[in-house]
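Written out below as structure tokens is the structure these notes cover.
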Amino acid sequence: MRPLRHNRLSSAIGCLAGILAIGSIAGAAGGCRGDRGPQIAVVVADVVDRSGNEAASFDAARAKEMLQVALSASRRVELSASESPGAYQAELAIALASEHEAARPGETGLYRGVQVELVLSRWGPDGVRERIHAQGEAFEVQEPQKTPPAAGFEGVLRLAVKQAVANLDTELESREYPAERLATMLSSASSEQRLAALRTLRDRKVPELVPKTIELLKDAVPEVVLEAVGVLVAQGDRRAVEPLIRAAQDRDQLFLLQVISALSELGGPVARGYLFTLAAGHDSLAIRDRAARALRESERAAGGPTRTAAQEPLPDTAVP
């Protein structure tokens with residue numbers, strides 16, 4: 043049994059050495075990789091600054107290093123030094139960098155905030171580009187006399203990148219969660235938790251979570267609402283038709299176009315009746331045209347038109 047004990051000791055020492063090595067680069071790594079669950083191979087590809095904030099002066103090389111450090115501490119990512127078959131390409135976009143005067147009583151200095159978008163992508167075996175999205179945001183109150191803009195924004199960027207990777211871990215882990223756990227996430231106060239659960243439901247049919255998803259059509263975060271629409275289509279549950287129609291009443295035309303597409307996919311008499319109404323009488327030409335096309339698509343999917351030619355909505359040229 044001595045060799046077995048020796049092997050276990052060697053493994054433990056190797057694990058500890060790995061933790062210490064990662065810790066010297068990225069702080070606490072969260073344990074040995076063997077304890078982190080299934081991982082995906084990732085190559086850090088690119089970092090782009092889309093914030094338009096010249097004062098921030100983000101260094102792309104430094105930002106790329108931050109991303110590598112954060113991903114090295116991920117529970118679900120295995121960094122690859124170079125491209126390998128099946129590896130995801132990680133791209134980080136600095137979407138927003140802003141500052142404004144501190145407004146709370148007793149606070150002085152500037153609020154500096156950064157928002158980033160992390161996208162992992164690869165080509166699937168079926169030729170479809172697979173994508174995994176995660177966002178991160180962070181802010182700090184800083185004294186401008188002590189912390190110049192470039193240094194201040196760099197510190198906040200590091201926090202935002204770490205948050206994006208943490209949200210990525212949640213996104214990947216949620217794919218294995220039972221329905222009960224996903225239900226809890228859908229009710230979470232965190233929009234990232236709600237989004238992670240919704241993205242999982244795009245690929246998993248869980249009929250018992252359709253009512254909770256319908257509730258998110260009233261969410262205060264627009265991204266959550268749009269994701270909920272996509273999930274309801276993916277679930278293919280016609281219980282969503284009437285709530286989608288109600289939700290469209292209080293939203294802009296962009297959202298109405300999303301609902302029209304969703305109703306075309308879901309189908310059914312109620313959906314087609316609403317599409318007919320929009321095609322025949324909506325004020326917007328774009329809405330009438332899209333609704334008419336969606337109606338035809340829905341009828342074809344149902345096995346043919348359910349109306350006579352006399353009942354067709356008037357062509358757009360005939361609508362004042």
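Last residue of the sequence shown: 362 (the working numbering), numbering continuous. Yeah, the Cβ is synthetic: ideal placement off N, Cα and C, and Gly gets one too.
Cβ-Cβ distance between residue i and residue j below 8 Å
i           : j           : result
residue 212 : residue 238 : yes
residue 286 : residue 248 : no
residue 137 : residue 161 : no
residue 299 : residue 273 : no
residue 261 : residue 267 : yes
residue 328 : residue 302 : no
residue 173 : residue 165 : no
residue 146 : residue 194 : no
residue 210 : residue 180 : no
residue 139 : residue 156 : yes
residue 207 : residue 124 : no
Alpha carbon of residue i to alpha carbon of residue j, nearest angstrom
i           : j           : result
residue 72  : residue 82  : Below a pLDDT of 50, predicted positions are generally treated as unreliable, and residue 72, at 37, falls in that range; the measurement from the model is reported next regardless. When rounded, the distance between both Cα atoms is 17 Å.
residue 232 : residue 290 : 24 Å
residue 321 : residue 219 : 41 Å
residue 111 : residue 96  : 25 Å
residue 283 : residue 308 : 7 Å
residue 294 : residue 205 : 31 Å
residue 313 : residue 338 : 12 Å
residue 131 : residue 114 : 15 Å
residue 127 : residue 241 : 25 Å
residue 280 : residue 167 : 31 Å
residue 93  : residue 141 : 12 Å
residue 343 : residue 103 : 51 Å
residue 221 : residue 229 : 13 Å
residue 278 : residue 199 : 40 Å
residue 105 : residue 315 : 52 Å
residue 227 : residue 305 : 26 Å
residue 270 : residue 191 : 38 Å
residue 276 : residue 246 : 8 Å
residue 101 : residue 265 : 29 Å
residue 296 : residue 263 : 15 Å
residue 292 : residue 107 : 44 Å
residue 119 : residue 87  : 14 Å
residue 345 : residue 310 : 12 Å
residue 317 : residue 340 : 9 Å
residue 163 : residue 215 : 17 Å
residue 99  : residue 189 : 14 Å
residue 323 : residue 169 : 41 Å
residue 109 : residue 80  : 20 Å
residue 325 : residue 331 : 11 Å
residue 335 : residue 319 : 13 Å
residue 196 : residue 288 : 44 Å
residue 217 : residue 175 : 13 Å
Beta-carbon separation (whole angstroms), residue i vs residue j, contact threshold 8 Å
i           : j           : result
residue 258 : residue 236 : 7 Å
residue 203 : residue 134 : 7 Å
residue 234 : residue 177 : 7 Å
residue 89  : residue 129 : Going by Cβ atoms, the distance from residue 89 to residue 129 rounds to 17 Å, so no, they are not a contact pair.
Residues bridged to residue i (per DSSP)
i           : result
residue 324 : In the DSSP output, where bridge partners are listed per residue, residue 324 has none listed.
residue 176 : 160
residue 283 : Per DSSP, none; premise fails for residue 283.
residue 154 : 141 and 182
residue 171 : 165
residue 131 : 85 and 163
residue 120 : 83
residue 91  : 136
heavy atom of the ligand FMN below 7 Å from residue i C-beta
i           : result
residue 100 : Annotation note on the ligand FMN: not contained in the displayed structure, which lists no ligands.
Minimum Cβ-Cβ distance from residue i to chain B less than 8 Å
i           : result
residue 110 : Any reference to chain B falls outside this structure, which holds one protein chain only.
Query raised in the report: Any chance the stretch 177-192 sits against the stretch 142-152, with 3 or more Cβ pairs inside 8 Å?
Result: yes
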